[in-house]
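Okay, so here's the structure we're looking at.
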Amino acid sequence: MTNWSDRHRREGHLISFVPTMGFLHEGHLSLMKEAKRLGDKLVISLFVNPTQFGPGEGFDAYPSDLDRDLKLAREIGVDVAFTPNKADFYPQGFDTFIDQEKLPNHLCGLSRSGHFRGVMTIVAKLFNVVNPAISVFGEKDFQQLAIIRRMVKDLNFHIRIIGHPTMREADGLAMSSRNSKLTPDQRITGLCLIKSMEKAQNRLKNKETNAATLIKGAAEFICSHPDTKIDYIKICDPDTLEDVAEIDRPVLMAMAVNVGTTRLIDNMILNEETNDAA
Ligand code: PAF
Numbered sequence: 010m011t012n013w014s015d016r017h018r019r020e021g022h023l024i025s026f027v028p029t030m031g032f033l034h035e036g037h038l039s040l041m042k043e044a045k046r047l048g049d050k051l052v053i054s055l056f057v058n059p060t061q062f063g064p065g066e067g068f069d070a071y072p073s074d075l076d077r078d079l080k081l082a083r084e085i086g087v088d089v090a091f092t093p094n095k096a097d098f099y100p101q102g103f104d105t106f107i108d109q110e111k112l113p114n115h116l117c118g119l120s121r122s123g124h125f126r127g128v129m130t131i132v133a134k135l136f137n138v139v140n141p142a143i144s145v146f147g148e149k150d151f152q153q154l155a156i157i158r159r160m161v162k163d164l165n166f167h168i169r170i171i172g173h174p175t176m177r178e179a180d181g182l183a184m185s186s187r188n189s190k191l192t193p194d195q196r197i198t199g200l201c202l203i204k205s206m207e208k209a210q211n212r213l214k215n216k217e218t219n220a221a222t223l224i225k226g227a228a229e230f231i232c233s234h235p236d237t238k239i240d241y242i243k244i245c246d247p248d249t250l251e252d253v254a255e256i257d258r259p260v261l262m263a264m265a266v267n268v269g270t271t272r273l274i275d276n277m278i279l280n281e282e283t284n285d286a287a
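Going by this note's numbering, the first residue of the sequence shown is number 10, and it counts up by one from there.
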């Protein structure tokens, strides 16, 4: 992989990179299309990274279909689909991890201890091996994107990180490989995440600026659906991920909700227009 990248960089190509855990869906494909637009050689990785899953977080059950993924990658015009194997990437004696002090201590990081340590470590390893000029990440994993941006800045990776908007199904459900685990009823219930944020957005437009009130409303709405268990609902600063009490600027509303045994996440920037007005 590294030889390929070195050769193409020497020839003056701009390599763009989309890391994935495979089981590709339209959301991944939109990241790839954006990466292809920005660079002139496109590399993706397909690797279910064990170090970002805690015990009982479904590493063994993570869906995969390599043949289908490779077919989709070919159709998009991916130049290299990099598929490291676990033993090569985490050989015996592997003992170095990357961590951050602040951003992981919010949102998903609170209930998924060590998750972002695993994400940062694998992304740094992939960056070192693939050596891209550009890498594209989805805004659906807003916290992951913020953490990767921080890591790239702090550790002097010369890589431009691009955030790409969340892709949604026609009815609004955020695309995720995990959606394949939902039963038809749970699939409908899963819509309560985006609907609860749209309701909060509307209340905010009607001058309800208290974050706790909006969060309470969203929680009540989600709990009125069967088979749901809220992990968190937060309204926070999009840069620091610190809680915001009164909404007087654009804020991030983010949530994680278990629908049956499937953990869904989603987020939305509320009050975006205050930015436009400024
Ligand atoms: O977002 C993902 O799919 C994963 O966290 C990533 C970035 C591929 C690292 O394993």
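We put the beta carbon where it would ideally sit given N, CA and C, even for glycine.
Does any heavy atom of the ligand PAF sit closer than 7 Å to the C-beta of GLN61? As a first step, residue 61 is located in the sequence shown; it is residue number 52 there, counting from the start. Under cutoff, so the answer is yes.
Taking 8 Å as the threshold (C-beta atoms), are THR130 and PHE106 in contact? Position 97 of the sequence shown holds residue 106. Position 121 of the sequence shown holds residue 130. The answer is yes: Cβ separation under 8 Å.
Identify the continuous beta strand (DSSP E) that holds ARG272 and give its terminal residues. Indexing the sequence shown from 1 puts residue 272 at position 263. Taken as a continuous stretch (DSSP letters only), the beta strand (DSSP E) holding ARG272 covers 271-279.
Determine the extent of the beta strand (DSSP E) in which ILE170 is found, giving its start and end residues. The sequence position of residue 170 within the sequence shown is 161, counting from 1. That run of the beta strand (DSSP E) goes 169-173.
Where does PHE230 sit, in a helix, a strand or coil, going by DSSP? As a first step, residue 230 must be located in the sequence shown, where it is residue number 221. Looking at PHE230 - three-state DSSP - the assignment turns out to be helix.
How big is the Cα-Cα spacing for PHE68 and ASP150? Within the sequence shown, the letter at position 59 stands for residue 68. Within the sequence shown, the letter at position 141 stands for residue 150. Going from the Cα of PHE68 to the Cα of ASP150 covers about 18 Å.
Can you find at least 3 beta carbon pairs, one from the stretch 46-65 and one from the stretch 75-91, that sit closer than 8 Å? In short, these stretches touch, since the Cβ pair count reaches three.
Taking PHE146 as the reference, which of CYS117, VAL128, THR198, GLU20 has the closest Cα? Residue 146 sits at position 137 when you count from the first residue of the sequence shown. For the residues CYS117, VAL128, THR198, GLU20, the minimum Cα distance to PHE146 belongs to VAL128.
With 16 other CB atoms within 10 Å as the buried threshold, where does GLY102 fall? Translated into positions along the sequence shown, residue 102 becomes position 93. It is exposed - the Cβ of GLY102 has fewer than 16 other Cβ atoms within 10 Å.
Look up ALA265 in the DSSP assignment and say whether it is helix, strand or coil. The count along the sequence shown starts at 1 and reaches residue 265 at position 256. In the three-state reduction of the DSSP assignment, ALA265 falls in the strand class.
Identify, in the order they occur along the chain, each residue of the same chain with its Cβ nearer than 7 Å to the Cβ of THR198, setting aside the five sequence neighbours on each side. Taking the sequence shown and counting its residues from 1, one reaches residue 198 at position 189. Same-chain partners within the cutoff: HIS234, PRO235, ASP236, THR237, VAL268.
GLY48 classed as buried or exposed, judged by whether at least 16 other C-beta atoms fall within 10 angstroms: Taking the first residue of the sequence shown as position 1, residue 48 is located at position 39. The Cβ neighbour count for GLY48, taken over all protein chains shown within 10 Å, is at least 16; the residue is labelled buried.
Nearest by alpha-carbon distance to MET30: which of MET41, TYR71, MET277, LYS162 is it? As a working mapping, residue 30 is identified with position 21 in the sequence shown. Answer by Cα proximity: TYR71.
What are the uninterrupted segments assigned as alpha helix (DSSP H) that are 4 or more residues long and contained completely in the stretch 69-140, given in chain order? Listed in chain order, the complete alpha helix (DSSP H) runs (minimum 4 residues) inside the stretch 69-140 are 75-85, 95-98, 116-120, 124-139.
Within this structure, are the beta carbons of ASP240 and VAL260 separated by less than 8 Å? Here residue 240 refers to the residue found at position 231 of the sequence shown. Here residue 260 refers to the residue found at position 251 of the sequence shown. The answer is no: Cβ separation not under 8 Å.
Are the Cβ atoms of ILE156 and PHE136 separated by less than 8 Å? Position 147 of the sequence shown, counted from the first residue, corresponds to residue 156. Position 127 of the sequence shown, counted from the first residue, corresponds to residue 136. Against a cut-off of 8 Å, the Cβ pair of PHE136 and ILE156 comes out as no contact.
Tell me, which residues are paired with GLY48 by DSSP? As a position in the sequence shown, residue 48 is number 39, starting the count at 1. Under the DSSP definition of a beta bridge, GLY48 lacks any partner.
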